[in-house]
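Numbering (UniProt numbering), first residue to last: 1 to 454.
We put the CB at the ideal spot given by N, CA and C, even for glycine.
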């Protein structure tokens, strides 16, 4: 059953009051700093119905934040930068400016509409989700290995993409110029721009392109995308291999390869034939297995093939999201107003096997909660026999509140804010007799691994 956005005014207050993880989220955004000197200077934006923005909201502590969010129950919650003054006092200071903010990236499937054939615009399916998993694998590797960033949190956007929050201290303190430099380094494609000229410029292939290409080919996702998207289904479908090729000799060589592939029966066989001829990674794998290979294509043709693969699979970034320190981005665990889906953190492993149909949706969550209330009433009416003990109603509700996020193994979070969500589940299960122990543990516990200050 599809989500009905008109239900939000009735559902959101209950969601914020019962299910939103205020303490873990605020702990993550504090980075072990005192709330008065860091969290209190963080901007939050409440987006109401009809896209009305209430910007520069700030709060002294988590309790004040929780009270205001439950009171207003915005359609969407955005997180902004940390400022040199409290955002709510921004009009009092002429030097009001953003000082810190996580380095963020936005991957949206609409940016792939020129090449995806399974869906378009806001629609997504398991086939086009492969672009998301590929983007996550490539960007996560490059952010770690090429920039040294250790603390990366991936969050499902709630509709058709993912967001990446890089929380290292060095990343948070980057200027707009520094953010632009990182984003430009990682960007190969803008719109329908071809990357082939970058891949083969002066015969030199940049290590970043080499790494990205290797990760894409080794992931196996491109092998499935070739078939699912039908890029090589006909002679006309092979013509993109020639686009952007200005070298006459390389173009003639590719034309010759294409003419041979037209007679190949299946798409899978065409793709494998292309890889055997033009993909150095595939040839090396086969050589290790002792397979006798045909003559390889020229280095120019191989570079052009690399460009074709990158053009169809490399992450397409919304650079504007990454370059501004004061740019707003949707908070983890808020609700997408059009789909009703919760913006849940996911790991790379989870993303690969993610079932889009089972992602948490706010109306389903509230339905589960209503069922628990019904079961709770039945439990109250049961007769306690002997020394048998029944869970308290609070504990039943709390366990249900947590299990809706954790009942599916692929949503069990083990990175970044995920540790906080695990803690959320622990606290819920420990209500009652273990409450004091849990409170003590929370006081002593440091911030989650994926979001601490290095």
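Could you check which residue in the options has the C-alpha nearest to that of residue i?
i	options	result
residue 45	27, 264, 28, 75	75
residue 116	105, 103, 130, 104	130
residue 42	267, 50, 229, 30	30
residue 144	99, 2, 208	208
residue 239	223, 261, 10, 186	261
residue 65	23, 119, 233	23
residue 155	81, 112, 108	108
residue 2	339, 358, 179, 217	339
residue 254	17, 268, 357, 275	275
residue 32	89, 147, 167, 134	167
residue 351	57, 127, 142, 328	127
residue 278	244, 291, 215, 307	307
residue 348	294, 133, 174	133
residue 189	291, 313, 232, 220	313
residue 215	48, 309, 173, 243	309
residue 137	38, 58, 244, 220	220
residue 243	258, 230, 229	258
residue 175	142, 99, 233	99
residue 121	161, 222, 84	161
residue 34	60, 328, 55, 263	60
Let's test the definition: count the other Cβ atoms within 10 Å of the Cβ of residue i and tell me whether it reaches 16, buried, or not, exposed.
i	result
residue 125	exposed
residue 7	exposed
residue 95	exposed
residue 21	buried
residue 303	buried
residue 473	What the structure shows of the chain is the stretch from 1 to 454, and residue 473 is not part of that stretch, so it cannot be assessed.
residue 9	exposed
residue 50	exposed
residue 316	buried
residue 114	exposed
residue 27	buried
residue 151	buried
residue 140	buried
residue 111	buried
residue 289	exposed
residue 19	buried
residue 341	buried
residue 15	buried
residue 53	exposed
residue 224	exposed
residue 184	exposed
residue 212	buried
residue 204	exposed
residue 158	buried
residue 357	exposed
residue 389	Reliability fails at residue 389, whose pLDDT of 45 lies under 50, so the model's placement of it is uncertain and no value is given.
residue 269	exposed
residue 372	buried
If I follow the unbroken beta strand (DSSP E) through residue i, where does it start and stop?
i	result
residue 153	152-156
residue 165	161-166
residue 105	103-108
Starting from residue i, trace the alpha helix (DSSP H) both ways and give me its first and last residue.
i	result
residue 116	Counting along the chain, residue 116 falls outside any alpha helix (DSSP H), and DSSP gives it neither H nor E.
residue 75	No alpha helix (DSSP H) holds residue 75; DSSP gives it neither H nor E.
residue 16	8-18
residue 98	Per DSSP, residue 98 belongs to no alpha helix (DSSP H); it is in the beta strand (DSSP E), 98-100.
residue 127	That residue, residue 127, is in no alpha helix (DSSP H); it is neither H nor E in DSSP.
residue 171	169-172
residue 28	22-30
residue 35	It is not in any alpha helix (DSSP H) - residue 35 carries neither H nor E in the DSSP assignment.
residue 187	Here residue 187 belongs to no alpha helix (DSSP H), and DSSP marks it neither H nor E.
residue 259	248-261
residue 219	207-219
residue 350	348-352
Assuming the contact rule is C-beta atoms closer than 8 Å, residue i and residue j should be a hit. Round their C-beta distance to whole Å, please.
i	j	result
residue 78	residue 331	6 Å
residue 5	residue 337	6 Å
residue 367	residue 104	No, residue 367 and residue 104 are not in contact; Cβ-Cβ is about 32 Å, not under 8 Å.
residue 300	residue 248	Their Cβ separation, rounded to whole angstroms, is 11 Å, which puts residue 300 and residue 248 out of contact at 8 Å.
residue 226	residue 271	5 Å
residue 326	residue 81	5 Å
residue 319	residue 187	6 Å
residue 455	residue 283	Limits of the chain in this structure are 1 at one end and 454 at the other, which puts residue 455 out of reach.
residue 25	residue 333	7 Å
residue 102	residue 181	Actually they do not touch by this definition, with Cβ atoms about 16 Å apart.
So is the beta-carbon of residue i under 8 Å away from any non-hydrogen atom of the ligand NAD?
i	result
residue 271	This structure lacks the ligand NAD; in fact it carries no ligand of any kind.
Query - Length at least 3, wholly inside the segment 43-71: the beta strand (DSSP E) runs in chain order - result: 53-57
Query raised in the report: Which runs of the alpha helix (DSSP H) spanning at least 4 residues fall entirely within the segment 271-343, listed in chain order?
Result: 280-288, 299-313, 319-323
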